[in-house]
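Inspection log for the structure reproduced underneath, given as structure tokens.
4 protein chains.
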Amino acid sequence: MKLTKAPMGWNSWDCWGAEVTEDVVRKNAEFMAKHLKQYGWEYVVVDIQWSAPNAKGHEYQPFGKLNIDEYSRVIPAENRFPSSANGKGFAPLAEYIHSLGLKFGIHIMRGIPRAAVHERRKIYGSDKRADEIARFNSVCQWNPDMYGVDASKPGAREYYESVFSLYASWGVDFIKCDDIARELPHEEEELILLSEALHGCGRDMVLSLSPGPALLEKAELYKQTADMWRITDDFWDKWELLYDMFSRAEKWCVHTGAGSWPDADMLPVGAILQDYGEENRTKFTEDEQITMLTLWSIFRSPLMIGGELTKCDDFTLALLTNERVLKMHENARNSHPVWRRKINGNEIILWTAFSSQGGNYLAIFNAGESMADITVALSDIEIYEDKTGFELWSGEKFSGGEITLSIPSHGAKAYYIN
Amino acid sequence: MKLTKAPMGWNSWDCWGAEVTEDVVRKNAEFMAKHLKQYGWEYVVVDIQWSAPNAKGHEYQPFGKLNIDEYSRVIPAENRFPSSANGKGFAPLAEYIHSLGLKFGIHIMRGIPRAAVHERRKIYGSDKRADEIARFNSVCQWNPDMYGVDASKPGAREYYESVFSLYASWGVDFIKCDDIARELPHEEEELILLSEALHGCGRDMVLSLSPGPALLEKAELYKQTADMWRITDDFWDKWELLYDMFSRAEKWCVHTGAGSWPDADMLPVGAILQDYGEENRTKFTEDEQITMLTLWSIFRSPLMIGGELTKCDDFTLALLTNERVLKMHENARNSHPVWRRKINGNEIILWTAFSSQGGNYLAIFNAGESMADITVALSDIEIYEDKTGFELWSGEKFSGGEITLSIPSHGAKAYYIN
Amino acid sequence: MKLTKAPMGWNSWDCWGAEVTEDVVRKNAEFMAKHLKQYGWEYVVVDIQWSAPNAKGHEYQPFGKLNIDEYSRVIPAENRFPSSANGKGFAPLAEYIHSLGLKFGIHIMRGIPRAAVHERRKIYGSDKRADEIARFNSVCQWNPDMYGVDASKPGAREYYESVFSLYASWGVDFIKCDDIARELPHEEEELILLSEALHGCGRDMVLSLSPGPALLEKAELYKQTADMWRITDDFWDKWELLYDMFSRAEKWCVHTGAGSWPDADMLPVGAILQDYGEENRTKFTEDEQITMLTLWSIFRSPLMIGGELTKCDDFTLALLTNERVLKMHENARNSHPVWRRKINGNEIILWTAFSSQGGNYLAIFNAGESMADITVALSDIEIYEDKTGFELWSGEKFSGGEITLSIPSHGAKAYYIN
Amino acid sequence: MKLTKAPMGWNSWDCWGAEVTEDVVRKNAEFMAKHLKQYGWEYVVVDIQWSAPNAKGHEYQPFGKLNIDEYSRVIPAENRFPSSANGKGFAPLAEYIHSLGLKFGIHIMRGIPRAAVHERRKIYGSDKRADEIARFNSVCQWNPDMYGVDASKPGAREYYESVFSLYASWGVDFIKCDDIARELPHEEEELILLSEALHGCGRDMVLSLSPGPALLEKAELYKQTADMWRITDDFWDKWELLYDMFSRAEKWCVHTGAGSWPDADMLPVGAILQDYGEENRTKFTEDEQITMLTLWSIFRSPLMIGGELTKCDDFTLALLTNERVLKMHENARNSHPVWRRKINGNEIILWTAFSSQGGNYLAIFNAGESMADITVALSDIEIYEDKTGFELWSGEKFSGGEITLSIPSHGAKAYYIN
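Residue numbers (my numbering), protein chains in the order written: chain A, 8 to 425; chain B, 8 to 425; chain C, 8 to 425; chain D, 8 to 425.
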């Protein structure tokens, strides 16, 4: 399976952290089915700690309890995901998501649960035990749950095959694997083994690697093992992180497309950090959100909504459902930056892409601190004749050999040129 | 002036080193006019040391004599460029080149001649003297002729303006400025001053910066000051250098186009190193030369022939005049690598580009040591339907959703897909 | 307590690795009491894994069993240390060592046992549990037994106090703490806490830090927390490692003395690696062993014999009991290198020291590959008059203002000058 | 010749910069002969630019004129050193200095004068010319006068031999060679050649290398080529630079003694920067000056006074003529730091040394910002019995096993312990 476009969906992390529940997932899925599905949004992803009965907030509990089956595989915490009781795992929830016409994803950590190792639990399909495939010094720096798996040990392949076989049997469509994308070259062998196990499990499942920043010099490895990989550490609603994404996207854009989706991370829009109080809304200004969606779209990053969908406001909904912008996300090809220049004190950044439907895209960003009034010549993207087109967010038309526009501070505009 | 395509031409360095003469230049220009011009080749560039009466081979002479005018500007050595006598400079030679329908370029070193500094010569348009604008510790590491110019000193701007004014008056079309591209950030101010002086001189002259490797983090500076810049140190006929260019091109491809031409350096084809004996021919195999032209063309590097044109053999001439390949050089847009993979022991490298005429280009390189028999799916460049097209070097046609081909070791094929 | 001279003793690692037993310890102690004690040798140290019932050879067993008391403290494996049965710990063995007029030391790992953490065992004197003070991502890279302790957590200080209180109650005189010396600055807080707990336990115990190389920029921290610290990774019987020690000693010599003992590691002499076969003897030549003892002595490194004492041959015994050399080890002050020079193709290295008894020491090493015939002027150590003295290893006398000598390849001579 | 103690003298740089004159030198020499000679001060050194007729202040003039003889050697500017007229060079001035019972030194730059190179002047004893031994790209970064000499070229040795032969014939006793100490490894060959030429010239001349920081890993090279070398860039009257010297001295102390004198640079005391106004006096407090003299003395740095001697005030004179302190400078052996500790918020630094006369030195520095009241145990320098002694600056006596003292902020005390 090669994804012909970057995945679009919702992920529970930004709003619910480690304490997402089945109820939350169902309600967000229902909202997506009703309001977003027709625009291309389809994945519903349960993020980290779904097997921990006592997980709270965005922090991890050292040596906390996980729900683990007899074969050393994490399974959902039944108190949080009631439909998983009686050994059903995520199958009932996946079935419900599918019934809405959507796809279902889950988060996993690289490795094998510590508790399974210390209890010497079995490995399905092998006579080895958990402690015989674990690497005691391959420990995630920020989450206490797992030991890395030693890919060279008998039983290691069987373990990963059994994991993905189980999740495939539940109907999982998307695996976000954590503690793996930037852990190279140390964990390269484990990544390869994990990828082979996943792709051999008999069900098409998207493989998404976290956390970033991924290593540019390992681009080919990511392409050959995964569908998408994070090019940044966790992205949150701060301008500095958004600004920094221009450089990251510049480095990775040549690796985007044809089943390879460098991932600029979730969109912290709307209602985020729900567990920390009612008033938590993205700190991004509306212009910054437009910049984010424009950059993610022309760069063709995966689009994963981080906000609680049921509390979506009008602006956010409009932001996520602009058909012209989402068409750029789908049809842009060979995207790349054109230039970054100081113009009257503001840094202006220009990106362009071809459209697979014919024509060109042009995105113009104002990374400066004041309104920018500028003119961009089409010759900057090697178009040497007059053209017509329109701005994507507003629909406003233009014609001629150059575009004259005003862009607010931290804002963006994008054009389709025919 | 913004160059709508990467310059194509001939440069005297690879074959004649520091001892190129007017006779050599005229004969190469005549050959170009007769055999190459119709394919787009147009620049004839006199490389380094043309002002040194005693220059020999590819080495430099410490503290050797240069021909310098009263205003501290280097002028041609009359014994080597007889038409420059009586203060005419390169005007007669430029006029002859123009009469052939071609363009004329010269090499310069950043800075002001040491001899002028030590003799305290005048600066045109300023009451300062050469020693007052020179930086005694800004000395090229490999050539003894110049001191850097201190851009902050009165007289510095006048000096560079007078230099380019003189060369413009001769009819120069192309300046290859040396000891500047990789000397950043130390020499950034001098580069900016030099660029401003050149672009204000009243004549369109291409500005080409050497030597490489240019610094990727200074990409925007190059774009704003120059037309082309070297992304590599001197390129010669060794496979290791050619192989290395895939990585360099990968980094720079997003900065190519619309007047910005990252430069993979001269093509050491045919008869090179003429001053060192009759038998000097490129060490590249024919397949390697095809790889070189294919990569330079899809990447849209400037194309500067390094070999002595009058000794051009049939293979070399065919290599340089394949209209299909040169059309890719002209029309490719948004070029970028797709993947690099080991396939049956050979590293295969895939590049793609859009064509400004519609359609796509696909180049496939075999960096391995044996013949590669492979199949490339069009879906790898995000084409999900059957297509027709042809191979550029051979004209051979194909149709369908994939291309099956054999590529010799170190060889390449390129396709236009309609 | 401030040690007025660098400790001398025996350590079980080089010969017995992880599988040392009580019987071995007793026999080596008896040998020391009979043959070495009168020369100043006094510490008998049980190295790593004494709490592991199934430990074997020089390797560690991931997730292997340790003997741990209810308060999360490792205690001896009774099958290997029978006298420790019934909760007596090392008290009986320590008592026996003491009865021989010697001192008793044990190895510990920084941290708290993994098993205790996963079983949530108690901490003596605290209501916290092991898992509440462990740092899940502070894991030794080469040994699987412990988690680091988070010095900022309630219970951490109580844990370390209880550990040293227990070991003090057994009569331990020397603690070799592992996984701590080079783990700075990450584990600095834990080192300080551990040192404070040890020094507050009511019994004088030497604190020795491993493994090296210690960080020179942290010299003051080591001085303030410990008695000795390793300046090298594990030292074995290879000339390259011995040669390298000259540079290490040069850097650390200014930090030696007055209770501070940079440690060049154990002496792999005589019978080492006993568990791997009968024929294991040091690979060092006799001259190299003389070089080692000479350098360790003038530098005043701790001296810890690594070989199985009961298999000591005549050469080894003589090497370890030269009273003139051991007197230098005791009385040298302000030791430092004087020069390293190539003389007739051999690198010759000169060290000097004052003697606290008056007079000077001079050590001359031949790091070259052939016999060196050289003359060293006393003026090289700022003695500008004639002197008398003798060579330490041979007792041979000299007089005058210079010393003429022959030194075999990789050999050494040392002089006392009165 | 091997210097048995670190040189002491006066150097013109700190007070007169590049414009020192014969009159200044004579007057300072006369002051030294009258007030300082009996304390061991003996060298009078003319610093940089003495061959430049138009030199001014502490700046250099790019491409300024130097006085150069027909053999490419710089000779004194006659307008500034009148006695050098008629080809006498510094011989008359040296003779006068010698008549005062003092020694005479001069500064030189590594290399050969640019002007001599560009004029292709002769080399004494060789048929080569200046341009044939010069390295065009070996140019001092901060002074425009010279090109480096290519040690591999015929004529290079003859040049340096002729330089030192000339200066020896003048009666020069001390050469401060600049642009060489930290220019390693690039200029290593030139340093070796220069050293050999100097030491073969037939006259004992001290060789002092500048500027620093010298490279610790090249310590043996300095020892084998020179008498002293700068361990710091130019040292001026700023506490930060003084504080930094503790670390530099710590690294270099093992290399001090027996003709090897790591150099902490001139003492900016009394009247400095005389050319910039009458009021220029050192910015160091009196306590800081005591710290400086104490550290320089126990470390045994060369002592070179930077202030204008004829304007010496009482404090400065007392500072430079304390016989107890200067005796430590002469007799200290094997000096090294003992510890650096925060005590009640102040960083206290302890150094010790043996005395060649018997007994020990102890220096205590307060690098903190408030008065420190502390007690230092003699056991910290491995003296385990009661002793008597006295403080060097004050003469105050003490007895017992510890010293209780108060030290002002940035101040120092030093003790001799018998």
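Backbone N, C-alpha and C define an ideal beta-carbon position, used for all residues, glycine too.
Just confirm the distance between the C-beta atoms of residue i and residue j, as a whole number of angstroms; I'd bet it's less than 8 angstroms.
i: L214(D); j: S202(D); result: 6 angstroms
i: F181(B); j: A204(B); result: 16 angstroms between Cβ atoms; not a contact.
i: D185(C); j: M116(C); result: 5 angstroms
i: T317(B); j: F38(B); result: 5 angstroms
i: E139(B); j: G162(B); result: 6 angstroms
Check whether the Cβ atoms of residue i and residue j lie closer than 8 angstroms to each other.
i: D270(A); j: P220(A); result: no
i: N61(B); j: G71(B); result: yes
i: G16(D); j: V52(D); result: yes
i: E89(B); j: E26(B); result: Looking at the sequence itself, residue 89(B) is Pro, so the reference to Glu does not match. No, the Cβ-Cβ distance between P89(B) and E26(B) is not below 8 angstroms.
i: N367(C); j: I424(C); result: yes
i: I119(A); j: G96(A); result: no
i: V146(D); j: V146(B); result: yes
i: I388(D); j: L412(D); result: no
Residues of chain C with CB under 7 angstroms from residue i, in chain order?
i: N74(A); result: The contacting residues do not exist; N74(A) stays about 16 angstroms from chain C at best.
Quick one: is residue i buried, meaning 16 or more other Cβ sit within 10 Å of its Cβ, or exposed?
i: H193(C); result: exposed
i: G94(B); result: exposed
i: F322(B); result: exposed
i: Q231(B); result: exposed
i: Q45(C); result: exposed
i: N338(A); result: buried
i: N212(D); result: Before going further, note that residue 212(D) is Met rather than Asn in the sequence given. By the neighbour-count rule (16 or more Cβ atoms within 10 Å), M212(D) is buried.
i: M235(C); result: buried
i: A123(C); result: buried
i: S19(D); result: buried
i: K245(A); result: exposed
i: D272(D); result: buried
i: W149(B); result: exposed
i: N287(A); result: buried
In chain B, which residues lie less than 8 angstroms from residue i when you measure between Cβ atoms?
i: A141(D); result: P69 and F70
i: A221(A); result: Residues of chain B passing the Cβ test: none, with the nearest at roughly 16 angstroms.
i: V124(D); result: F70
i: C147(D); result: N144
Can you name the residues of chain C whose CB is closer than 8 angstroms to the CB of residue i?
i: P151(A); result: F143 and N144
What does residue i reach in chain D if we use C-beta pairs closer than 8 angstroms?
i: K230(C); result: W346
Taking the alpha carbon of residue i as the reference point, which residue from the options has its own alpha carbon closest?
i: T2(A); options: N341(B), V345(B) and D186(B); result: Not covered by the structure: residue 2(A). The range shown for chain A is 8 to 425.
i: R128(A); options: V276(A), I75(A), H343(A) and L109(A); result: I75(A)
i: W23(C); options: K41(C), K12(C) and K63(C); result: K63(C)
i: V345(D); options: I356(D), G352(D), Q56(D) and M335(D); result: I356(D)
Against residue i, what residues of chain A qualify as contacts under a CB-to-CB distance less than 7 angstroms, listed in chain order?
i: H206(B); result: By Cβ distance, chain A contributes nothing, its closest Cβ being about 16 angstroms from H206(B), past 7 angstroms.
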